[in-house]
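Visitor: Going by mature numbering (1 follows the signal peptide of the UniProt record, and there is no 0), the letters in the sequence shown line up with residues -20 to -1, 1 to 354, in that order.
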Amino acid sequence: MLLYFIISCLSFFFLSKSFSLPPWASETKTLLSFYFSKSLFTRTLHPTTPDPASPVDHQMSVLDLPDLALDRILELLPPSGLSSMARVCSSLRERCVSDHLWEKHLITKWGKVLGPAAHREWKCYLSSSYHLDSPSHQTGHPLGFDKIISLIRSVFRNDDDDDNKRKRYAASSLPLDSTMSFYLSLETGRFWFPAQVYNRENGHVGFMLSCYDAELSYDTLTDTFKARYPPHGRRAVAVEKGVTWERLRAAPIDASPHHLHVSDSLNELKPGDHIEIQWRRNKEFPYGWWYGIVGHLESCDGNLNHCHCHLNEMVVLEFNQYTVGSRWRRTMINKRDHREEGNEEEGFYGGIRKLSCKEEIAMWTRLWPSSILE
């Protein structure tokens, strides 16, 4: 009966949405139509008569579909659909929680903001006392499996008895280290992951055109993030709400924000190149990455046909978001013997990344302030 119910629902859906079918609908319809047409054709060629002695007729279900067809249907389901199907029966649960189905969803939604540090943090989270999935802390599924499904589907239930049953059912079936568990922990914001935030603290003028490390927690109701920035010396942890997806990226270099980046492209730098450079206010602070452009030496007139700036051991870095004459507008570094340089008044400059990716450069361009900074 379940199979006929599904067919009826799909038929109604295809008829009612004939002008706005989602991409997966036509594929699913084709798979199901092919399977049942094949069955009908087979029965026509090889008719059989019901066994009068059989007290119960065989009823087809979705599990009677060939493995290839069933797997293809499951691959087309969104996360909410997989979560719901996982609660139908044990056979479907085993398929729906498999890593290969959830890895696609994890990469599609979270791939651009999850770097190696986030995956390491997830493993630490699973083994830490903060992760209450251990048997000694478990009173149902601590990840709030049913709450997760409710948030994804925007369906909230109030039946406490049924809720407890669903949680116990989910707790016995979802591996804690599975990709599905990782995805749902991110989706509910229970897991704080490391990433970097452009223009921290709501675009505070003191952080314009910079990118800083933070811990992020997702809010599925607003589709934004809460960010916790590491303390700057004696300054308390800064918290920012409402951080949008566009302001996030995975750290391009897998290293602590307190470590000096060893630059490997200094000899390639020439006027016009786009760069990011580490900068911190004092040595107690973590580094942030700041956007700039390689400029010309004062002895050069800027004519590219006669420019030899790239041959000089000194490199000019320009931060054109600041007004001419500002102490933040220009700085110089020695590319032959580069190390952290600066002072307590103007801050300390660290390692340099040369930007070759057009997408990275375009991101900084989109963040350009509407007015020149002092």
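The beta carbon of each residue, even a glycine, is placed where N, CA and C say it ideally should be.
Please read these numbers as outputs of a predicted model, since none were measured by experiment.
In chain order, what residues of the same chain have a beta carbon less than 6 Å from the beta carbon of serine 197, not counting five sequence neighbours either side?
Guide: Gly169, Trp172, Lys206.
Visitor: Going by Cα to Cα distance, which pick from Trp82, Thr202, Asp234 is closest to leucine 56?
Guide: Of the listed residues, the one whose Cα sits closest to leucine 56 is Trp82.
Visitor: At what residue ranges does the segment 164 to 193 contain a whole run of the alpha helix (DSSP H), taking only runs of 4 or more?
Guide: Segments of the alpha helix (DSSP H) lying fully in the segment 164 to 193: 180 to 183.
Visitor: What is the C-beta distance between leucine 228 and leucine 156, in whole angstroms, given that I count them as a contact (C-beta under 8 Å)?
Guide: 26 Å between Cβ atoms; not a contact.
Visitor: What is the DSSP secondary structure of threonine 204, reduced to helix, strand or coil?
Guide: Strand at threonine 204.
Visitor: For residue 356, which residues does DSSP report across the bridge?
Guide: What is shown of the chain runs -20 to 354, which leaves residue 356 out entirely.
Visitor: Apart from the five residues just before and just after aspartate 79, which ones in its own chain have a Cβ nearer than 8 Å to its Cβ?
Guide: Cβ neighbours of aspartate 79 beyond the five flanking positions: Ser158, Thr159, Met160.
Visitor: What is the DSSP secondary structure of serine 351, reduced to helix, strand or coil?
Guide: Note: serine 351 maps to coil in three-state DSSP.
Visitor: Grouping DSSP H, G and I as helix and E and B as strand, with all else coil, what is alanine 97?
Guide: Reduced to three states, the DSSP call for alanine 97 is helix.
Visitor: State buried or exposed for cysteine 337, treating a residue as buried only when at least 16 other CB atoms are found within 10 Å of its CB.
Guide: Per the 10 Å Cβ criterion, exposed.
Visitor: Under 8 Å between the Cβ atoms of arginine 307 and glutamate 293?
Guide: No, these two residues do not count as a Cβ contact at 8 Å.
Visitor: Whole-angstrom Cβ separation of leucine 201 and glutamate 256, contact assumed at under 8 Å?
Guide: Contact flag wrong, Cβ pair sits at about 33 Å.
Visitor: Return helix, strand or coil for glutamate 220, following the three-state DSSP convention.
Guide: It is a strand residue.
Visitor: Short of 7 Å in beta carbon distance, which residues of its chain neighbour glutamate 326, apart from the five on each side in sequence? Order them along the chain.
Guide: Here the set comprises Arg307.
Visitor: Determine the direct distance from the alpha carbon of glycine 95 to that of proline 232, and round the result to whole angstroms.
Guide: So the two alpha carbons sit approximately 8 Å from each other.
Visitor: What does a CB cutoff of less than 7 Å around alanine 218 pick up in its chain, not counting 5 residues either side in sequence?
Guide: The residues are Glu181, Tyr209.
Visitor: Taking 7 Å as the cut-off, is the C-beta of lysine 250 nearer than that to any heavy atom in the ligand FAD?
Guide: Of ligands this structure carries none, so the ligand FAD is not represented either.
Visitor: I'd like to check one pair, arginine 260 with tyrosine 271: are the Cβ atoms closer than 8 Å?
Guide: No, they are not a contact pair.
Visitor: Aspartate 253: buried (16+ other C-beta within 10 angstroms of its C-beta) or exposed?
Guide: Aspartate 253 is buried by the Cβ-count criterion.
Visitor: Tyrosine 105 by DSSP, collapsed to three states: which one?
Guide: In this structure, tyrosine 105 counts as helix in the three-state DSSP scheme.
Visitor: Would you say valine 185 and leucine 353 are within 8 Å of each other, going by their C-beta atoms?
Guide: Their beta carbons are under 8 Å apart, which means valine 185 touches leucine 353 by this criterion.
Visitor: Beta carbon of phenylalanine 328, beta carbon of lysine 221: below 8 Å?
Guide: No, the Cβ-Cβ distance between phenylalanine 328 and lysine 221 is not below 8 Å.
Visitor: Can the beta-carbon of glycine 331 be found less than 8 Å from the beta-carbon of leucine 249?
Guide: Not in contact: glycine 331 and leucine 249 (Cβ atoms no closer than 8 Å).
Visitor: Any idea what DSSP makes of lysine 334, helix, strand or coil?
Guide: Of the three classes helix, strand and coil, the one that applies to lysine 334 here is strand, per DSSP.
Visitor: Note the first and the last residue of the continuous beta strand (DSSP E) segment covering glycine 268.
Guide: First-last of the beta strand (DSSP E) with glycine 268: 268 to 275.
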